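6 protein chains.
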Amino acid sequence: MATLGLIEYADASPEVRAVYDDIMATRRTDWINNFWKALAHDPATLRRTWESIKQIMGPGALDPLTKEMIYLAVSTSNQCSYCIASHTAAARKAGMTDTMLAELMAVVGMANETNRLSAGYQVEIDEKFKK
Amino acid sequence: MATLGLIEYADASPEVRAVYDDIMATRRTDWINNFWKALAHDPATLRRTWESIKQIMGPGALDPLTKEMIYLAVSTSNQCSYCIASHTAAARKAGMTDTMLAELMAVVGMANETNRLSAGYQVEIDEKFKK
Amino acid sequence: MATLGLIEYADASPEVRAVYDDIMATRRTDWINNFWKALAHDPATLRRTWESIKQIMGPGALDPLTKEMIYLAVSTSNQCSYCIASHTAAARKAGMTDTMLAELMAVVGMANETNRLSAGYQVEIDEKFKK
Amino acid sequence: MATLGLIEYADASPEVRAVYDDIMATRRTDWINNFWKALAHDPATLRRTWESIKQIMGPGALDPLTKEMIYLAVSTSNQCSYCIASHTAAARKAGMTDTMLAELMAVVGMANETNRLSAGYQVEIDEKFKK
Amino acid sequence: MATLGLIEYADASPEVRAVYDDIMATRRTDWINNFWKALAHDPATLRRTWESIKQIMGPGALDPLTKEMIYLAVSTSNQCSYCIASHTAAARKAGMTDTMLAELMAVVGMANETNRLSAGYQVEIDEKFKK
Amino acid sequence: MATLGLIEYADASPEVRAVYDDIMATRRTDWINNFWKALAHDPATLRRTWESIKQIMGPGALDPLTKEMIYLAVSTSNQCSYCIASHTAAARKAGMTDTMLAELMAVVGMANETNRLSAGYQVEIDEKFKK
Chain U
143 MATLGLIEYA DASPEVRAVY DDIMATRRTD WINNFWKALA HDPATLRRTW
193 ESIKQIMGPG ALDPLTKEMI YLAVSTSNQC SYCIASHTAA ARKAGMTDTM
243 LAELMAVVGM ANETNRLSAG YQVEIDEKFK K
Chain V
143 MATLGLIEYA DASPEVRAVY DDIMATRRTD WINNFWKALA HDPATLRRTW
193 ESIKQIMGPG ALDPLTKEMI YLAVSTSNQC SYCIASHTAA ARKAGMTDTM
243 LAELMAVVGM ANETNRLSAG YQVEIDEKFK K
Chain Z
143 MATLGLIEYA DASPEVRAVY DDIMATRRTD WINNFWKALA HDPATLRRTW
193 ESIKQIMGPG ALDPLTKEMI YLAVSTSNQC SYCIASHTAA ARKAGMTDTM
243 LAELMAVVGM ANETNRLSAG YQVEIDEKFK K
Chain X
143 MATLGLIEYA DASPEVRAVY DDIMATRRTD WINNFWKALA HDPATLRRTW
193 ESIKQIMGPG ALDPLTKEMI YLAVSTSNQC SYCIASHTAA ARKAGMTDTM
243 LAELMAVVGM ANETNRLSAG YQVEIDEKFK K
Chain R
143 MATLGLIEYA DASPEVRAVY DDIMATRRTD WINNFWKALA HDPATLRRTW
193 ESIKQIMGPG ALDPLTKEMI YLAVSTSNQC SYCIASHTAA ARKAGMTDTM
243 LAELMAVVGM ANETNRLSAG YQVEIDEKFK K
Chain L
143 MATLGLIEYA DASPEVRAVY DDIMATRRTD WINNFWKALA HDPATLRRTW
193 ESIKQIMGPG ALDPLTKEMI YLAVSTSNQC SYCIASHTAA ARKAGMTDTM
243 LAELMAVVGM ANETNRLSAG YQVEIDEKFK K
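Residue numbers (the numbering used here), protein chains in the order written: chain U, 143 to 273; chain V, 143 to 273; chain Z, 143 to 273; chain X, 143 to 273; chain R, 143 to 273; chain L, 143 to 273.
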C-alpha cells in the first residue's frame with residue numbers, strides 16, 4: 143500500500159483535480175495511474191512534478207518515443223519496478239515495438255557492464271574526450 | 143593510472159591487434175581509446191566485450207544514434223565519468239546535437255527523480271500495467 | 143521468504159535473545175521486526191549491526207528524528223523496499239508527520255535529479271568548494 | 143571541462159541572467175556556482191531546476207538545515223562528487239557543524255549497509271509495516 | 143509477469159532450444175529458469191548472454207564457487223531481487239554454506255558503508271594506491 | 143581535499159592513536175591510509191568502523207583473499223574510486239594476481255548486465271528459488 147494512500151478523483155481537491163484533468167487531457171486518456179494518486183497528498187509536488195514532466199517529455203529536438211525510451215532505460219538501470227512497469231506501457235503507447243524494447247534492454251545491460259569495467263580497471267579519461 | 147596499465151597497438155599481441163583493427167575499421171577511426179587498452183590485459187574479455195558491443199550497437203529496430211543516446215543516458219544515471227566522456231563523444235559522432243544532449247539530460251534527471259518518488263511513497267503497480 | 147528463515151524469540155539462543163532484549167528495551171517496544179530475525183542466523187553480525195545502529199542513532203548533535211529522516215532518505219534513494227517500509231515507521235514513531243515525509247521525498251527526488259545533471263554535464267567542482 | 147562549457151554572467155542572455163539574479167538574491171550571495179553555468183545552455187532546464195529547488199528547499203515543515211542535510215546525505219549515498227562538494231558547503235552555510243556532518247555520514251554509511259543486508263537476506267516486509 | 147512473457151521449451155524455436163539445451167547440459171540440470179525464458183524473445187541476446195556467462199563463470203584463476211559468490215555479492219549490492227534469489231541458489235549448488243553466505247553478506251554490507259564514508263568525507267586517493 | 147582534513151599520527155589523540163596502532167599491527171604495515179585519517183575527526187566512527195572491518199575481514203568460513211575480492215567487487219560495482227584503489231591494493235596484498243583481478247572484473251560486469259536484464263524484462267522469481 144502506498145504510504146499515504148491513493149487519492150481518487152472523486153475525493154480530490156480542486157487543486158489536485160486540475161492536475162489530474164491536465165494529465166488526462168495531455169495523455170489523451172481517461173484514467174490516472176497510482177503514481178499521481180500517491181503524490182496528490184502533496185499538491186505542490188504533484189503540480190511541480192507534472193509540470194516538469196510535461197515540459198521535458200513534450201516534442202523537441204528528440205521525439206516523444208525517444209524520450210520515453212530513455213526514461214525506460216534509466217528506470218531499468220535503476221531497477222525501479224514501478225517505473226519500469228509504467229514506462230514500458232508509456233513507451234509502447236508512443237510506438238515502441240517488442241523488438242525495440244529488446245534492443246533497448248540490450249543496450250542498458252551492456253552500458254551497465256562497461257560502466258563497471260571502466261571503473262574497475264581505473265581507466266583514465268582520454269585527452270581527446272576532455273575537450 | 144589504469145590498474146594494469148594500457149596496452150598500445152605497437153606492444154599488442156596479434157590476438158589483441160585483431161580486436162583493435164576491427165574496432166578501428168568498424169568505427170571508421172584510426173585510434174583506440176583507453177577503455178580497450180586497459181581491457182587488453184584480458185584478451186578474452188576484450189574480445190567478448192567488443193563483439194557484444196558491436197552486435198548490440200549496430201543498426202536494428204533502433205538506429206545507432208538512439209542506441210548511443212540510451213548508452214549515454216544510462217552512463218549518466220550511473221554517474222560513470224569515463225563512460226559519460228566517451229559516450230558523449232560517440233553520440234555526437236552519431237549525430238547528437240547540443241540541444242539533443244540537453245533534452246537527454248533533462249529526461250535522465252527527471253527519471254531519477256520520479257524513480258525515487260515512486261519508491262519512497264511505496265506506490266503499488268497499477269493492475270493495468272501488469273499485463 | 144528470508145533466505146535462512148526467521149528466528150523467533152522462543153527459538154533463539156541466549157546470545158540472540160540478549161540482543162533481542164536490548165532492541166526491545168531501547169526502542170520501548172515488545173516485538174522484533176523481521177530484519178533482526180533474519181540476521182540472527184549470524185549472531186556476530188546481529189550483535190555488531192545492532193550495537194552500531196544503537197550508537198549511531200542515539201542522541202547527539204543531531205536529534206533522533208533528523209537521523210531517522212536521513213536514514214529514510216538514503217533508503218528511498220537506494221530504493222530498498224524493506225528499509226523504506228521499516229524506516230517510514232521508525233521516523234513516524236520519532237515524530238515525522240505526513241507533511242514532513244512529503245517534504246523529505248521532494249528533497250530526495252530533487253537531489254537524485256541534480257546529481258545526474260551535474261554528472262551528465264561533466265561539471266567541474268568550483269575552486270571555492272575545494273577548501 | 144563541462145561538456146557544453148560554462149556561461150558566465152557577462153555572456154548570459156537576459157533569460158539566463160534573470161535566473162542567476164534570482165539565485166544570488168535568494169541565497170544572499172554574489173556568485174554563481176558551476177552547476178548553474180553548465181545548465182545555462184538549456185535555459186528551460188536552468189529555470190525549471192532552479193524554480194524546483196527554490197520551492198523544495200524553502201522553509202516548510204522541515205527547516206532549511208534539515209533539508210540541506212538530507213540533500214547532502216542523498217548525494218553522498220549516490221557518491222556524486224560535485225554534489226557532495228557543493229552541498230557540504232550549502233549545509234555548512236545553513237548551520238551544519240563538523241560534528242553534525244560526522245553524524246550524518248555515520249547514518250548514511252549505516253543505512254547503506256543495512257539496505258544491502260535486508261536485500262541480501264531476502265527479508266520480507268513485516269505485516270505491521272504494510273499499513 | 144515478464145514483459146514479453148516466458149517461452150517454454152515446447153514452444154521454442156530451434157535456435158532458442160539449442161541455447162536451452164546447452165544451459166541444461168552445462169549446468170547438469172533439467173530445467174530452465176525464468177530469466178532465460180524471458181530473454182528468449184530476443185534470440186541474439188539470449189545466445190550472447192549465455193555464451194558470455196558460460197565463458198566468464200567457467201573455471202579459471204578463480205574457482206566457480208568464488209565466482210558465484212562474487213556474482214551474488216554484486217547482485218546483493220545492487221538489490222536485484224531476481225538475481226539474489228537465483229544466484230543464492232547457484233552459489234549454494236556450487237558449495238556455499240549458510241555460514242559462507244552470512245560472511246559474504248557482512249562483507250557486502252561493510253563495503254557499501256565504507257564506500258559512502260570515503261565519498262562523503264571526500265577522501266583523496268593515497269599516492270601509494272596510484273601506482 | 144578531505145572535507146575535515148586528515149589527522150596524522152603525530153597530531154592524533156591517544157584514542158585515535160590506539161586505533162591507528164591496531165590497524166598497523168593487524169595489517170602488518172607501518173602506515174595509515176587516508177580513509178582512516180579522514181574518519182579520525184569522529185573517533186567513535188573511526189573505532190566502530192575499524193572494529194567492524196577487523197571482525198568481518200578476519201579469517202572465517204571464507205578466507206581473507208576471497209573476502210578482499212568480494213569487497214573489491216562491490217566497490218567496483220558501486221564505482222567508488224577511492225575504494226577501488228585501496229581494495230585493489232589490499233586484495234593484491236592478500237594474493238590476488240592480475241589474472242584473478244581480470245576474472246573478478248568480468249564477473250562484476252556481467253552481474254551488472256544481467257541484473258538490469260532481469261529487472262527490465264520484469265522477470266518473476268521462479269518458485270524453485272523461493273524456498
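No residue lacks a Cβ here, since even glycine has one placed at the ideal position from N, Cα and C.
Please read these numbers as outputs of a predicted model, since none were measured by experiment.
Classified as exposed, E157(Z) has fewer than 16 neighbouring CB atoms from the shown chains inside 10 Å of its CB. Put simply, the CB of Q221(X) is near chain V, with a gap under 8 Å to one of its CB atoms.
Only residues of its own chain outside the window of five on either side were considered, and among them none has a CB closer than 6 Å to the CB of E150(L). DSSP places E245(U) in the uninterrupted alpha helix (DSSP H) bounded by 240-262.
In the structure shown, the three-state DSSP call for S219(R) is helix. Annotated as proximal: S228(X) and N175(X), with beta-carbon spacing under 8 Å.
At least 8 Å separates the CB of Q264(U) from every CB of chain X. Secondary structure of R189(L) (DSSP, three-state): helix. Listed along the chain, the chain L residues whose CB falls inside 8 Å of the CB of H183(V) are D240, A244.
Between F271(X) and A231(Z), the CB-CB gap stays under 8 Å. If the five residues before and after A182(Z) are omitted, its C-beta is found closer than 6 Å to the C-beta atoms of I149, V158, L188, all from its own chain and listed in chain order. R234(X) and R234(U) have their C-alpha atoms spaced approximately 46 Å apart.
Annotated three-state conformation of I226(Z) is helix, per DSSP. Residue state for N175(V) is assigned as coil, using DSSP reduced to three classes. A check of alpha carbon separations from A160(U) across T145(U), L146(U), K179(U) identifies K179(U) as the nearest.
Assigned with DSSP and collapsed to three states, L181(V) falls in helix. In this structure, the straight-line span from the alpha carbon of I198(V) to that of Y263(Z) is close to 26 Å. Taking the Cα positions, T256(X) is about 14 Å away from L259(R). I198(V) sits in a helix when the DSSP states are folded into three classes.
Residue environment for S155(L): exposed (fewer than 16 other C-beta atoms within 10 angstroms of its C-beta).
Secondary structure at I149(R): coil, using DSSP grouped into helix, strand and coil. Boundaries cannot be given for R170(X), as no alpha helix (DSSP H) includes it and DSSP labels it neither H nor E. Non-local beta-carbon contacts of A215(U) in its own chain, meaning distances under 8 Å to residues more than five positions away in sequence, involve L246, V249, V250 in chain order. Chain L places no beta carbon closer than 8 Å to that of L148(V), leaving this residue out of the contacts. Within the stretch 208-236 of chain V, contact with chain X at the beta-carbon level (separation under 9 Å) is assigned to Q221, S223, I226, A227, T230. By the 16-neighbour rule on beta-carbons within 10 angstroms, A261(V) is buried. Between M242(X) and M211(X), the alpha-carbon positions lie close to 9 Å from each other. Restricting attention to W192(Z), A186(Z), A244(Z), G147(Z), the CA atom closest to the CA of M166(Z) is found in W192(Z). Taking C-beta separations shorter than 6 Å and ignoring five residues to either side along the sequence, the partners of P185(R) in its chain run E157, V158, following chain order. DSSP, reduced to helix, strand and coil, places A203(Z) outside both helices and strands of the structure shown, so it counts as coil. M143(R) sits in coil when the DSSP states are folded into three classes, being neither helix nor strand.
Proximity of S194(L) to chain Z, defined by a Cβ-Cβ separation below 8 Å, is satisfied.
Comparing alpha carbon positions, the residue from G200(Z), A244(Z), P206(Z) closest to L204(X) is A244(Z). Relative to the Cα of N220(V), the nearest Cα in the group A253(V), A152(V), E269(V) belongs to A253(V).
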